Amino acid sequence: MDFIELIGLRQNNLKNISLKIPHDCLTVITGLSGSGKSSLAFDTLYAEGQWRFIESLSTYARLYLNKLERPEVEAIHNLRPAIALEQKNPVKGSRSTVGTLTEVYDLLRIIYSRLGRPFCPACGKEVIRWNPEKVVTYLLENHHSERAMVVFETSLPGKELMKDGFYRFWDGKTTQDIRPETEGPIEVVVDRLRLDEPTRLAEAVELAFKKAEDKLRVYLFKDTTPEVLNFSSGLVCDHCGKELPEPDPILFSFNHPVGACPVCKGFGNILYYDEELIVPDPELSLEDGAIEVFQKPAARWWQEQLIKGAKKAKIDTKRPFKELPEQHKRMVFEGCEHFYGVNDFFDELESMTYKLHVRVFLSRYRSQRPCPECNGKRLKPEALAYRFHGYDIAELSCLSVQDLKKFFDTLKLSKFEEEVSREALEQIKKKLQFLSEVGLDYLTLDRQARTLSGGEYQRVNLANQIGSALTGTLYVLDEPTVGLHPRDTSRIVRILKNLASEGNTVVVVEHDQEVIRSADYVIELGPGGGRQGGEVVFSGKMDEFLKTDTITSSYIKGLDRQLLEDLKDDLPEPERFLVLKGARGHNLKDVTFRVPLQKLVVVTGVSGSGKSSLVVETLYRALARRFKVSTEIPLPYSDIENVSLIKGVKLIDQ
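Each residue of the sequence shown is one higher than the one before, counting from 28 in this note's numbering.
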């Protein structure tokens with residue numbers, strides 16, 4: 028049949044309703060807040076679809092899956108397997124990134140394992156895998172007709188070497204005879220020749236590689252001091268001897284110990300005790316309580332011994348902390364012979380971190396900063412040593428989706444590179460295109476998934492679903508246009524229509540006028556919210572919907588719109604401003620942001636223009652640290668003025 032049929036639906040505030048939802052169409056469920064839209068879409072359609080799918084699995088598989096509660100309904104017919112894309116971001120950890128979430132990073136790992144060119148992390152020179160043919164070609168092209176000696180290093184005794192036909196070794200100055208009693212390690216001479224005999228050179232090089240386990244050395248005699256050339260068929264630097272691991276995909280994973288930075292364990296940041304949190308008000312003196320952590324009742328002894336010891340150490344305990352000499356500030360933290368410092372206090376608490384309340388207490392004084400070993404790139408130096416067309420894998424991950432798409436679209440590959448990477452590159456290009464289509468071309472692959480808004484996370488999942496090319500599936504979405512600039516809404520509508528045209532049933536909870544107008548089928552619930560809702564006000568095609576006089580249809584037709592001018596009060600012009608200066612995080616370009624106090628202030632702009640970077644990641648975090656609400660580090664900025672004019676800050680996010 029062509030419809031999902033629901034009979035006697037009583038979930039939450041739904042009042043025993045029955046309706047049909049067409050397959051292979053875009054259906055919009057709309058209505059006032061609390062009218063029962065989510066109860067119908069998520070608590071009924073998705074919950075029942077997921078429950079039926081899990082019931083079709085084996086008993087063993089069902090042990091590991093959580094089933095949603097079945098909805099209160101008499102019957103649901105012709106329901107397809109359901110996928111829900113909600114406006115929630117469930118990611119809490121720091122391991123997941125946009126790259127891992129979309130699997131683009133996993134595809135990059137494959138490309139780097141096949142086509143990455145190794146460069147020595149110690150000296151920066153390119154590491155070349157040599158074979159006899161490459162060595163001979165290099166010597167003939169770059170050192171033709173020069174006198175040379177081919178040697179290999181071994182620990183075999185002289186008796187064994189003589190049996191194999193080797194009779195001379197190089198002692199660093201001259202060649203010596205190998206005798207039965209000669210002991211290794213020594214450099215055995217394979218041949219001395221001029222580099223104008225290709226056949227003889229090839230035989231010597233091949234023999235040296237064979238005897239020395241794929242390593243050889245060539246001495247070039249131009250003057251009194253011979254020039255030394257090292258060749259290895261392994262991943263060994265010819266200049267400094269640094270050995271690199273094989274480029275397996277796991278090497279480029281920051282979630283595995285093989286590839287993760289050993290200092291930050293693949294997180295990219297390390298925790299440290301932040302002086303700004305320990306001394307939140309540097310205007311205070313030590314006696315007035317500049318060291319905030321020592322003002323707790325349990326730390327009274329630490330404060331007393333600090334004051335007594337500081338006086339003995341001739342530190343001015345009545346002078347504002349910010350005016351103390353750097354040497355005295357360092358003594359307060361590190362301690363001295365007269366008193367224990369702040370670091371000693373934290374060291375003692377570190378030994379008691381098995382207690383939950385101690386861990387919570389310490390977290391209030393910690394902040395994150397980029398790992399000094401990997402500079403926030405998450406990977407060990409050996410993984411970053413591999414480059415693909417000039418970029419290591421972390422540098423590519425720092426590019427926005429838009430820039431990364433441009434990089435791959437303009438990439439010129441050799442025939443070999445194209446054959447080896449064709450499938451992976453095609454997948455990467457498709458995924459980047461899907462991310463662009465859902466309005467996320469400003470994201471970078473290394474962006475932590477937990478920092479995405481609910482709308483961004485939903486659109487990332489939507490891009491993944493487009494790439495999966497599923498058919499015969501029920502998609503349930505929760506307001507996919509939330510957080511999008513109106514300019515980008517048409518792209519979301521086009522994607523939803525494409526999903527439906529590929530044989531999927533798309534059900535969207537939505538209030539946006541453009542999305543509602545684009546629907547094939549409209550269901551309006553109401554007439555009010557809560558107890559006044561839960562009824563089907565309208566169910567039918569779009570052209571029929573526009574002929575009705577429901578609240579939503581009247582709004583769409585422009586008959587029931589309250590003008591914004593009616594909402595304005597005659598308030599005086601603002602006199603006081605909160606001023607954020609020099610905001611320059613992410614794509615912000617030294618922005619000065621003046622926020623009028625006691626006003627409703629709206630920050631708008633197209634997706635990716637820097638709204639969240641400015642308001643949430645800079646202004647809010649900076650104020651939250653001032654008011655000790657959060658310890659998250661704000662994006663770079665110069666200063667905030669007039670903070671004393673406000674009493675606190677709260678974040679109400681999606």
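The C-beta atom is built at its ideal place from N, Cα and C for all residues, glycine as well.
A quick note: this is a predicted structure, and the numbers were derived from the prediction, not measured.
Counting C-beta pairs with one atom in each stretch, the segment 141-153 and the segment 510-518 have fewer than three that are closer than 8 Å, which means they do not touch. Here the segment 636-643 lies against the segment 604-621, with 3 or more beta-carbon pairs under 8 Å apart.
Three or more Cβ pairs closer than 8 Å define a contact, and the segment 621-635 falls short of that threshold against the segment 568-578. Within the same chain, Cβ atoms closer than 7 Å to the Cβ of Val285 are found at Ile277 and Leu278, the five residues on either side in sequence being excluded. Comparing alpha-carbon positions, the option among Glu353, Phe604, Lys42 and Glu331 lying closest to Val628 turns out to be Phe604. Pro352 and Val359 have their C-alpha atoms roughly 11 Å apart. Between Ala610 and Thr645 the beta-carbon gap is near 5 Å, inside 8 Å, which marks them as a contact. When the alpha-carbon of Gly561 is set against those of Tyr139, Leu59, Val509 and Val55, the nearest one is in Leu59. Per DSSP, Tyr132 is one residue of the alpha helix (DSSP H) stretching across Val131 to Leu142. Distances from the alpha-carbon of Pro601 to those of Leu142, Val622, Leu607 and Pro554 put Val622 closest. A direct Cα-to-Cα measurement between Leu46 and Gly76 gives close to 17 Å. Collapsing the DSSP output to three states places Ala149 in coil. In this structure, the CA atom of Tyr139 is about 18 Å from the CA atom of Leu459. Between Gly143 and Ile420, the CB-CB gap stays under 9 Å.
For Ser45, the three-state secondary structure derived from DSSP is strand. For Asn40, the CB contacts under 7 Å within the same chain, skipping 5 residues up- and downstream, are Gly63, Ser66, Gly557, Arg558, Gly560 and Gly561 in chain order. With respect to the C-alpha of Asn105, the residue from Glu32, Glu113, Val163 and Ile667 having the closest C-alpha is Glu32.
Runs of the alpha helix (DSSP H) lying entirely within the segment 462-521, each at least 4 residues long, are 481-495 in chain order. Proximity of the segment 461-469 to the segment 483-492 meets the contact definition, three or more beta-carbon pairs being nearer than 8 Å. In this structure, Arg219 places its C-beta atom within 9 Å of the C-beta atom of Val177. Taking 3 residues as the minimum length, the beta strand (DSSP E) runs contained wholly in the segment 54-113 are 100-104 and 109-112, in order along the chain.
About 7 Å separates the CB atoms of Ala287 and Leu406; that is less than 8 Å, so the two are in contact. Separation of Glu302 and Ile318 (C-alpha to C-alpha, rounded to the nearest whole angstrom) is 9 Å. Contact check between the segment 244-260 and the segment 424-440: fewer than three CB pairs, one atom from each, fall below 8 Å, which does not count as touching. Going by DSSP, Ser581 is part of the alpha helix (DSSP H) stretching over Ile578 to Ile583. Distance from the CA atom of Pro108 to the CA atom of Cys264, rounded to whole angstroms, is 55 Å. Within the model, the alpha-carbon separation for Cys398 versus Ser121 is close to 14 Å. The residue from Glu168, Leu167 and Ser424 with its alpha-carbon nearest to that of Ser280 is Ser424.
Using a Cβ distance threshold of 9 Å, Ile137 and Ser448 count as a contacting pair.
Scanning Val245, Glu214, Leu678 and Leu128 for the CA closest to the CA of Phe193 turns up Glu214. When rounded, the separation of the alpha-carbon atoms in Ile583 and Leu489 is 26 Å. Contact fails between the segment 121-130 and the segment 88-105, because fewer than three Cβ pairs, one in each stretch, are under 8 Å apart. Per DSSP, Ile550 is one residue of the beta strand (DSSP E) stretching across Tyr548 to Gly553. Within the DSSP bridge table, the entry for Thr181 names Ile213 as partners.
With a threshold of 16 other beta carbon atoms within 10 Å, Pro274 meets it and is buried. Three or more beta-carbon pairs separated by less than 8 Å link the segment 244-254 to the segment 167-182, which places the two stretches in contact.
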